[in-house]
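J.:
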Amino acid sequence: MVVRKQTAPTRNVGKALIAAAMRWQDTPDLTMSPANVVAKPLEHVIAANDANKFIAYNNIPPDISKVKTKSNSKGVLMMNPQVADEASWIVHTIPGFPKALRGYVFPPEEIQKGHLFICLTIKESEIDAIAMALRIATPLIYHNDIPDTEINSRPNLKKLVNGESRLTPPLTVTRQISTAAAPGLKVTIYSKGEKSKYEIYRRVLVKKLKTGIKVWTTRDKILKSDCRILNRNIKLVTSPITVGDHASSLESDVSQWLISDPGNKFCAVDKPYHKSQTKEPAIAVCIDDATIFGHFNLIGQNFIFLNLATCRDFLPAEFFHFLPAPLLYSGSRAL
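Sequential numbering from 1080 applies to the sequence shown in this note's numbering.
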């Protein structure tokens, strides 16, 4: 199951796109548990369960102030330490969330902002590949209750939780995983360390995807749309857009994501399109799926090149302006 959710600007509800339904649907109140699609995957994160142990990471951890980190990653990696082969990986953009083992509380100050929420149900054999990518991105872990026996059997997970080898080569990593249910979604994780000095959009994602990209994120005054290399353009999506019947704008969105151009890939990136991220760790989670790609590609209709003098010879016949402000995306339920 794949769900994407768009938060309404004046309500606590959103829009969910479930793959089986193939259309945007209203979601339950995001502040209410356990009825909403964010709370359900976290049911064994917000309350203790012997069949679910996890690490939670967030550059702004719940109820902890003045934490210094260059990471912007937020997520939960969970597994069943018992016999069943069950695991999930949640990637999101919500600061101070979730409160591990302390109940479901969606931060009130975040409810009207655009957010991204991805939940992938995986097999436990995928955990160490995820841990390797995360280790390069150096997330701030604020909770870990995975048993030592499980951690010690996975070398990258052990290094992740112990903070080992954070700044040593390799400075960029690519790992592939798939979701558990057949045929499974193909997911590729790209991460870079702060010492790489790479700009993740141009130097990592465009190079690895081997396509142009259409990007929704805040942007600074330094990095611009880029069409210097044919078929490797970076097109910045403009605001506002509409998801279902919910309008949204760049000013109220804190997510950052992109789609390949052309192709079927949707990527969630943990850093905005700012020059400062060249000196910071970063990670991108890319899903290769025509359905997910298609829905995001239809969200908007226009993009903009900021340097038309340079790009005039490369402008395509069809313009796409896409991406919402308040956005949450989720796939599969958690344990």
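Where a beta carbon is used, it is the ideal one built from N, C-alpha and C, also for glycine. Fair warning: this is a prediction, and the values are worked out from it, not measured in the lab.
(1) My output table needs one value for Tyr1280: the three-state DSSP class, helix, strand or coil.
(2) Could you check what DSSP says for Ser1339 in three-state terms: helix, strand or coil?
(3) In this structure, what does DSSP give as the bridge partners for Cys1306?
(4) Cutting at 7 Å between CB atoms, please list the residues of its own chain near Asn1115, excluding the five before and the five after it.
(5) Would you report the Cα separation of Pro1160 and Ile1230, rounded to the nearest angstrom?
(6) With a cut-off of 8 Å, do at least 3 Cβ pairs link the stretch 1172 to 1179 to the stretch 1198 to 1205?
(7) Phe1164 by DSSP, collapsed to three states: which one?
(8) In this structure, how does DSSP classify Asn1241 when only helix, strand and coil are distinguished?
(9) Would you mind stating whether Ile1362 and Ser1152 have Cβ atoms separated by less than 7 Å?
(10) Using the Cα positions of His1123 and Pro1341, report the straight-line distance between them to the nearest angstrom.
(11) Between the Cα of Thr1317 and the Cα atoms of Arg1311, Ser1304 and Trp1168, which residue gives the shortest distance?
(12) Mind the definition here: the stretch 1343 to 1351 touches the stretch 1312 to 1328 only if three or more C-beta pairs lie below 8 Å; say whether that holds.
(13) Measure the alpha-carbon distance for Phe1393 versus Tyr1352 and round it to whole angstroms.
(14) So what's Arg1214 in DSSP terms, helix, strand or just coil?
(15) Using only alpha-carbon positions, find the residue among Leu1302, Asp1368, Lys1286 and Trp1295 that is nearest to Leu1309.
(16) Can you tell me whether DSSP reads Val1285 as helix, strand or coil?
(17) Give a yes or no on whether the C-beta atoms belonging to Ile1220 and Lys1132 are separated by under 7 Å.
(18) For a test of the three-state rule: what should DSSP assign to Gly1154, helix, strand or coil?
(19) Distance, Cα to Cα, Lys1145 vs Thr1321?
(20) Between the Cα of Ile1206 and those of Ile1215, Arg1298, Asn1235 and Thr1290, spot the shortest distance and give me the residue it belongs to.
(21) Helix, strand or coil for His1353? Go by DSSP, reduced to three states.
(22) Among Glu1188, Pro1218 and Tyr1136, which residue has its Cα nearest to the Cα of Pro1270?
(23) Kindly indicate which three-state DSSP category Ala1347 falls into: helix, strand or coil?
(24) What's the call for Ile1301, buried or exposed, on a 16-neighbour Cβ count within 10 Å?
(25) Roughly how many angstroms lie between the CA atoms of Gly1242 and Ile1256, to the nearest whole one?
(26) Which class does Thr1110 belong to by DSSP, given the choice of helix, strand or coil?
(27) Rank Gln1104, Val1170, Arg1102 and Asp1164 by C-alpha distance to the C-alpha of Pro1120 and give the top, closest one.
(28) Under the DSSP definition of a beta bridge, which residues are partnered with Tyr1269?
(29) Find out if the Cβ-Cβ distance for the pair Leu1250, Arg1214 is shorter than 7 Å.
(30) Identify the residues that DSSP records as bridge partners of Thr1200: which are they?
(31) Please return the same chain residues whose Cβ sits closer than 8 Å to the Cβ of Leu1385, not counting the five positions on each side in sequence.
(32) Smallest Cα separation from Thr1357: which of Ile1366, Val1333, Ile1279 and Val1092?
T.: In short:
(1) helix
(2) In this structure, Ser1339 counts as strand in the three-state DSSP scheme.
(3) Note: Cys1306 sits in no beta bridge, so no partner.
(4) Only Thr1106, Pro1107, Asp1108 and Leu1109 meet the Cβ criterion.
(5) 10 Å
(6) no
(7) The displayed chain sequence assigns Asp, not Phe, to residue 1164. Three-state result, Asp1164: coil.
(8) helix
(9) In this structure, Ile1362 sits near Ser1152, with a CB-CB distance shorter than 7 Å.
(10) Roughly 39 Å between the two C-alpha positions.
(11) Ser1304
(12) no
(13) With a pLDDT of only 37 at Phe1393, under 50, the local geometry of the prediction cannot be trusted, and the value read off the model is given with reservation. Going by the C-alpha atoms only, they are around 21 Å apart.
(14) helix
(15) Lys1286
(16) For Val1285, the secondary structure class from DSSP, reduced to helix, strand or coil, is helix.
(17) no
(18) strand
(19) For Lys1145 and Thr1321, the distance between alpha carbons rounds to 36 Å.
(20) Nearest of Ile1215, Arg1298, Asn1235 and Thr1290 to Ile1206, Cα basis: Asn1235.
(21) coil
(22) A quick correction: the sequence has Ser, not Pro, at residue 1270. That would be Pro1218, whose Cα lies nearest to the Cα of Ser1270.
(23) strand
(24) exposed
(25) 23 Å
(26) coil
(27) For the residues Gln1104, Val1170, Arg1102 and Asp1164, the minimum Cα distance to Pro1120 belongs to Val1170.
(28) Thr1253 and Ala1363
(29) no
(30) Ser1167
(31) Residue confidence for Leu1385 is low, a pLDDT of 45 falling below 50, so the modelled location carries little weight and cannot support an answer.
(32) Ile1279
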